[in-house]
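Quick note, in the numbering used here, the sequence shown goes up one by one and the last residue is 325. Structure record follows, encoded as structure tokens.
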Amino acid sequence: MSHFHQHSQSSQQTPETKGNVIHWALSYDVLSSGILRSSEASIRTLAQVKPGDRILDVGCGSGRLTIAAQKWVGPTGEAQGIDPAPEAIMVARRNAARAGLAAKFEVGLVETLPFSDATFDVVLSRLVLHHLPGDLKQRGLVEMRRVLKPGGLCLVVDFEPPKSPILRHLVENFLSPMAHIDVHEYIPLLVEAGFAEMETGPTGSKYLSYVRGRSLGK
Ligand SMILES: C[S@@+](CC[C@H](N)C(=O)[O-])C[C@H]1O[C@@H](n2cnc3c(N)ncnc32)[C@H](O)[C@@H]1O
108 MSHFHQHSQS SQQTPETKGN VIHWALSYDV LSSGILRSSE ASIRTLAQVK PGDRILDVGC
168 GSGRLTIAAQ KWVGPTGEAQ GIDPAPEAIM VARRNAARAG LAAKFEVGLV ETLPFSDATF
228 DVVLSRLVLH HLPGDLKQRG LVEMRRVLKP GGLCLVVDFE PPKSPILRHL VENFLSPMAH
288 IDVHEYIPLL VEAGFAEMET GPTGSKYLSY VRGRSLGK
């Protein structure tokens with residue numbers, strides 16, 4: 108029996124969260140999908156995705172990564188995206204229908220994932236943790252570990268500041284508050300949440316790096 112539940116209504120409310128929810132899903136989709144595509148092939152490799160896997164994409168936004176994941180796992184696998192923004196879920200479902208792929212989408216929060224323990228082989232989260240205040244990051248990571256099967260992988264992808272000190276200074280002070288985000292700061296949080304075999308490194312996108320941990324079970 109499937110662990111997933113598909114809701115048909117589109118007028119759902121946004122559940123209450125201290126996370127920074129993106130309601131402008133259509134514009135986000137147009138602005139981000141081209142830039143983010145370059146990270147997808149490396150995410151597939153880093154997450155060690157196999158045909159038939161069950162994959163959860165937490166904070167899926169307009170669903171591009173979830174839809175790519177559905178392609179990777181094939182018809183015997185399942186890719187599920189969750190996001191608090193009903194607008195994002197609507198756009199994601201539309202994107203999946205246009206791609207002819209059966210990726211599933213549901214309104215939900217990382218801090219209370221609507222799935223049973225040990226459901227997924229892989230949990231992905233791209234550009235989401237910096238949308239959560241400190242305590243919510245930790246709660247979210249504990250939830251991500253709960254829904255992973257023993258041996259499952261959690262792949263967190265986010266920004267890494269420029270390596271050059273001059274460029275870093277310029278970007279941090281004059282260009283973008285995003286430049287303060289550093290994916291490496293999540294490593295102790297993953298360890299605290301019970302992940303093991305930690306790894307970190309670049310992705311196929313020069314702006315994005317990853318942190319990966321394995322759930323060894325309870
Ligand atoms: C920058 S977008 C990234 C979207 C998508 N992962 C991607 O790579 O294109 C961050 C997403 O995190 C979502 N978000 C905010 N608070 C959240 C929460 N408590 N639980 C899950 N997702 C959340 C936002 O609604 C938004 O869609």
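Every residue, glycine too, gets a C-beta built ideally from N, C-alpha and C. Just so it is clear, the structure is predicted and the values come from calculations on it, not from any experiment.
Query	Result
Buried or exposed (CB count within 10 angstroms, at least 16 for buried), R233	buried
Coil, strand or helix - G141 by DSSP	helix
Backbone secondary structure at I129 - three-state DSSP	coil
Backbone CA spacing between E150 and R144 [nearest angstrom]	It is worth fixing the name first, because residue 150 is Ile in this sequence and not Glu. C-alpha separation (whole angstroms): 10 Å.
Cβ neighbours of L296 in the same chain (closer than 7 Å, five flanking residues each side left out)	K244, Q245, L248
Where L133 falls, given that 16 or more other Cβ within 10 Å makes a residue buried	exposed
Buried/exposed call for Q120, threshold 16 Cβ in 10 Å	exposed
Stretch-stretch touch, CB-based, cutoff 8 Å, three pairs: the stretch 211 to 221 with the stretch 187 to 200	yes
Cβ pair count under 8 Å reaching 3, the stretch 150 to 169 against the stretch 177 to 185	yes
According to DSSP, residues forming a beta bridge with R253	For R253, which the question treats as bridged, DSSP gives no partner whatsoever.
Proximal residues to L260 (C-beta, below 7 Å), its chain only, five neighbours per side dropped	A154, Q155, V229, R319, R321
M305 to G141 span [Cα, whole Å]	29 Å
Delimiting residues of the alpha helix (DSSP H) encompassing K178	171 to 180
Beta-carbon separation (whole angstroms), V290 vs S316, contact threshold 8 Å	5 Å
Same chain, Cβ closer than 6 Å to D136, neighbours up to 5 away in sequence not counted	S169, V198
Expected contact under 8 Å - CB spacing of D265 and I294 to nearest Å	Contact doesn't hold; Cβ gap of about 12 Å is too wide.
I189 - DSSP class collapsed to helix/strand/coil	strand
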